[in-house]
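Encoded as C-alpha cells, the structure appears first; notes follow it.
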Amino acid sequence: MALFSSQFDQARRFSAAYAGEPGETRFWTPATVGVVAGLGAAALIADDPDQTAAFGGGGDAQDDGPWSAHSDWSDASIGGDGDFMYFSDGDVSFTVG
Amino acid sequence: MREHAKIRAAAERTLASGIFPAELSDGRPVALACTPDGLRIRGPETGVRIAYTSIRSIEGSPGRLRLTSERSDLTVAGPPELIQALHVELRTRGHLDAGPGQIPDMVRAAVGLEEDYLLYTIFGPFYELHAALLGEGADLGRPVTEPDAAVFQVGLTEVQRHLDQVAHVLPAFIRQRDALLVTGPEPAWLKSDETALRAALAPVQRAAAEVGQLAAQVQRLIDLDPAELPKVSYGGAAVSLGAAALVNPVFAVSGLSQAYAARSQGDQRRNQATAQSARGWATVLDRWNALVGTGLPVLSYVITENVFPLRWSAARRLAETAALPGVARRLAALDVLRRYPSGPGVPFRRGEIADHLRAARDRLPAPRFADF
Chain Z
2 MALFSSQFDQ ARRFSAAYAG EPGETRFWTP ATVGVVAGLG AAALIADDPD QTAAFGGGGD
62 AQDDGPWSAH SDWSDASIGG DGDFMYFSDG DVSFTVG
Chain L
204 MREHAKIRAA AERTLASGIF PAELSDGRPV ALACTPDGLR IRGPETGVRI AYTSIRSIEG
264 SPGRLRLTSE RSDLTVAGPP ELIQALHVEL RTRGHLDAGP GQIPDMVRAA VGLEEDYLLY
324 TIFGPFYELH AALLGEGADL GRPVTEPDAA VFQVGLTEVQ RHLDQVAHVL PAFIRQRDAL
384 LVTGPEPAWL KSDETALRAA LAPVQRAAAE VGQLAAQVQR LIDLDPAELP KVSYGGAAVS
444 LGAAALVNPV FAVSGLSQAY AARSQGDQRR NQATAQSARG WATVLDRWNA LVGTGLPVLS
504 YVITENVFPL RWSAARRLAE TAALPGVARR LAALDVLRRY PSGPGVPFRR GEIADHLRAA
564 RDRLPAPRFA DF
C-alpha cells in the first residue's frame, strides 16, 4: 500500500481502456473497447492488431469522386473532387490542386 | 504581423479543425483534412483517404507524426503545434464511433487523464525551469548545483505569474470547459463547483509564497554583485524561436522559453562572486532543490486529492447530458497534450513531468514518524 495513493487511480482504468498509457502508439476506436465492466477488456482486444483491424472496414483508398464535409465546431467546410480540394472557414476560402 | 488579431484568429481556426498544411517525409507538400469517413491527404500526385478504423498506430513527436494503417506508413512533418492539432483531430474522429452507452466511461477516462493535466498545468513550469537550470541532458531528479542568475531571475518571475493564473483563472477555466460540454444553459452546480475548486487549489499558495521569497533573495544577490545582472536578450530569444511563432502566431513566445534561450545562448557566467554571494546562492539552491525535490511532490498530492472528488462527481453529472463530439474531443485533447512538450526548447513531454511528480511522491520517506 503506497503512502501517497491517488484517488485518480479509480479513473485510470477507464483512461487506459480508451487512451492507453502515455507511451501508447497503437490506435483503436471505442467500438473496439466494448463495455469496460471488468479490467483490461480494451487492452485484451487492442493487444491483437488483427482483431482491431477486423472492426475496420474501409481501409485506405485512392481518393476519387466528389466529397465534402462541414466542421462540427466551426463554420469551416472542406470538400473536393479528384485532385482538387477546397476549404472555407466562413470568411475565407482557398483551394489545393 | 503575428500580433494582428485576424491572423491569430485564422491560426486558431486552422488548429481547431483543419485543413492542416504539412509535408510528407520526402518533402512533398500536402494538405490534410479530417472528414467523417477518414483522413484525406492531398497534394501533387497524392490523393489518399485513410479510414479511421484502419489506422493501426500514431506516433507523435514535436514536428513529426508517423501514421501506420493497414496498407500505408506515412510520416507527416510540420510545425509542432500543427502536428499536435492534427493528432488531436485524428484521435477525436477515432472516438466518434463510440456507442451512446460508452459516453459515461469516456467522461471517466477523461477524468483519469485530468490528473496528468492538473499536474503539468500547475507544476510543469517549476520542472521546466528546473530542467533549464540543469542544462543539457537534464534528469529532473537531480539537484541543481550551479546557480545561473539570469535563468533564475527570468524563470522565477514567470513561475510567480503562472501561479497567480492558477489561483485566479484555472477554476473558472475548468468550469467554462465543462459548461461547453453541457448542452443547454449552464447548470447551477458548475458555479458551486468552481468555488469548491478554488478552495481545493488554495494550497498552491504555499508554493507561491516560497517562490516569492526565492525571487526576492535572487534579486538581492544580483544587486550585491551587479556583474551577474542577467543579460537576457529578449530579441534574440524571440528570433531563435521565431519560426514557430511566425508560422503559428497563436503560440506566443513564453518567458520560460526565453529562459532556455538565455541558457543556450551560452553566456555561462560563472560565479566569481564574493564569499557572501556564494553563501547566498548556496541557500537559494538548497531551497530550490528542496522545493522541487520534496515540497512540490507532496503539494501535488494534496492538490490531486482535493480535486478528485469534485471532478469525479462532475463527471457523473456531465455524463448525463454531454454529447459525444464534445466528449470525444476532450478525451483526445487530454490524451494528446501529455504526449508533447509544452513549447519549443522544453526537453520534457508534459506527461513525463506528471510521471516524474508521481514517482518523486512515491519515493518520499516519512522518517519523522515512529512506526506503529
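Here the protein sequences come in this chain order: Z and L. With the working numbering applied, the first sequence covers 2 to 98. With the working numbering applied, the second sequence covers 204 to 575. We put the CB at the ideal spot given by N, CA and C, even for glycine. Since the structure is predicted, the reported quantities are computational estimates derived from the model, not experimental observations.
- For TYR330/L, the three-state DSSP class (helix, strand or coil): TYR330/L: helix per DSSP, three-state reduction.
- Query: With C-beta atoms as the reference, is LEU427/L less than 9 Å away from SER503/L?
  - Reply: No, the Cβ-Cβ distance between LEU427/L and SER503/L is not below 9 Å.
- Item | Continuous beta strand (DSSP E) stretch holding GLY241/L: start and end | Counting along the chain, the beta strand (DSSP E) containing GLY241/L begins and ends at 241-246.
- Message: In whole angstroms, give me the CA-to-CA distance for GLY281/L and ALA225/L.
- Response: Rounded to whole angstroms, the separation of the alpha carbons of ALA225/L and GLY281/L is 5 Å.
- Query: Does the distance from the CB of TRP392/L to the CB of ALA12/Z come in under 9 Å?
  - Reply: Pairing TRP392/L with ALA12/Z gives a Cβ-Cβ distance that is not under 9 Å.
- Query: Which one of GLN420/L, GLN422/L, VAL369/L, PRO388/L has the shortest CA to CA distance from ALA403/L?
  - Reply: For the residues GLN420/L, GLN422/L, VAL369/L, PRO388/L, the minimum Cα distance to ALA403/L belongs to VAL369/L.
- Message: Using beta carbons (cut-off 9 Å, strictly below), is GLN379/L in contact with chain Z?
- Response: So, not an interface residue.
- Does the beta carbon of ASP489/L sit closer than 9 Å to a beta carbon anywhere in chain Z? By this cut-off, ASP489/L is not an interface position.
- Task: In the DSSP assignment, find the beta strand (DSSP E) that holds THR271/L and state where it starts and stops.
- Result: First-last of the beta strand (DSSP E) with THR271/L: 267-272.
- Task: Please decide whether PRO23/Z counts as near chain L, where near means a Cβ-Cβ distance under 9 Å.
- Result: Answer yes: the Cβ-Cβ gap between PRO23/Z and chain L drops below 9 Å somewhere.
- Query: Between ALA335/L, PHE326/L, CYS237/L, VAL314/L, which lies nearest to PRO547/L when the distance is taken from Cα to Cα?
  - Reply: Checking every option, the nearest Cα to that of PRO547/L belongs to ALA335/L.
- Task: Pull up the CB-CB distance for ILE556/L and TYR330/L, whole angstroms please, since I reckon it's below 8 Å.
- Result: Between ILE556/L and TYR330/L, the beta carbon gap of about 5 Å places them in contact (Cβ cut-off 8 Å).
- Would you say PRO67/Z reaches chain L, if we count a Cβ-Cβ gap shorter than 9 Å as a contact? No, its Cβ sits nowhere closer than 9 Å to a Cβ of chain L.
- Using a beta-carbon distance below 9 Å, is TYR504/L in contact with chain Z? It does: the Cβ of TYR504/L has a partner Cβ on chain Z nearer than 9 Å.
- Item | Counterpart residues of GLU262/L in DSSP-defined beta bridges | Per DSSP, ARG269/L.
- Query: Helix, strand or coil: how does DSSP classify ALA70/Z here?
  - Reply: DSSP, read as helix, strand or coil, puts ALA70/Z in strand.
- Task: Report back the beta-carbon spacing between LEU527/L and ILE306/L to the nearest angstrom; my notes put them in contact at under 8 Å.
- Result: Right, their Cβ atoms sit about 6 Å apart.
- Report yes if the CB atom of ALA531/L is closer than 9 Å to the CB atom of ARG296/L, and no otherwise. Yes. Within cutoff.
- Starting from VAL251/L, follow the beta strand (DSSP E) in both directions and report where the run begins and ends. Counting along the chain, the beta strand (DSSP E) containing VAL251/L begins and ends at 249-253.
- Query: Under 9 Å Cβ-Cβ, which residues of chain Z neighbour GLY297/L?
  - Reply: Correct list: PHE28, TRP29, THR30, PRO31.
- Is the Cβ-Cβ distance between ALA77/Z and SER89/Z less than 9 Å? Judged by their CB atoms, ALA77/Z and SER89/Z are nearer to each other than the 9 Å cut-off.
- Query: Under the rule that 16 or more other beta-carbon atoms within 10 Å means buried, what is VAL372/L, buried or exposed?
  - Reply: That one is exposed.
- GLU397/L and ARG378/L look like a contact to me (Cβ under 8 Å); what is the Cβ gap, rounded to whole Å? Contact holds; Cβ gap of about 4 Å.
- Could you spell out where the alpha helix (DSSP H) holding GLY529/L opens and where it closes? Looking at the DSSP string, the run of the alpha helix (DSSP H) that includes GLY529/L is 527-540.
- Item | Beta-carbon proximity check, VAL487/L vs PRO350/L, cutoff 9 Å | Contact flag set, yes.
- Using a Cβ-Cβ distance under 9 Å, would GLY364/L count as near chain Z? In the sequence as presented, Gly is not what sits at residue 364/L; that position holds Arg. For ARG364/L, the answer is no, since every Cβ of chain Z falls outside 9 Å of its Cβ.
- Task: Please report how far the alpha carbon of ARG243/L lies from the alpha carbon of ASP82/Z, in whole angstroms.
- Result: Taking the straight line joining both Cα atoms gives about 12 Å.
- Task: In angstroms with no decimal places, state the Cα-to-Cα distance between ARG566/L and ALA485/L.
- Result: Each residue's CA atom was taken as its position, placing ARG566/L and ALA485/L some 25 Å apart.
- Taking the alpha helix (DSSP H) that PHE223/L falls in, what are its first and last residues? Taken as a continuous stretch (DSSP letters only), PHE223/L belongs to no alpha helix (DSSP H), being part of the beta strand (DSSP E) at 223-227.
- Query: Do the stretch 358-367 of chain L and the stretch 408-416 of chain L make contact, defined as three or more Cβ pairs closer than 8 Å?
  - Reply: Three or more pairs of CB atoms, one per stretch, sit closer than 8 Å, so the stretch 358-367 of chain L contacts the stretch 408-416 of chain L.
- Query: Using the C-alpha atoms, what's the distance from GLY24/Z back to GLY230/L?
  - Reply: GLY230/L and GLY24/Z: Cα-Cα distance of roughly 27 Å.
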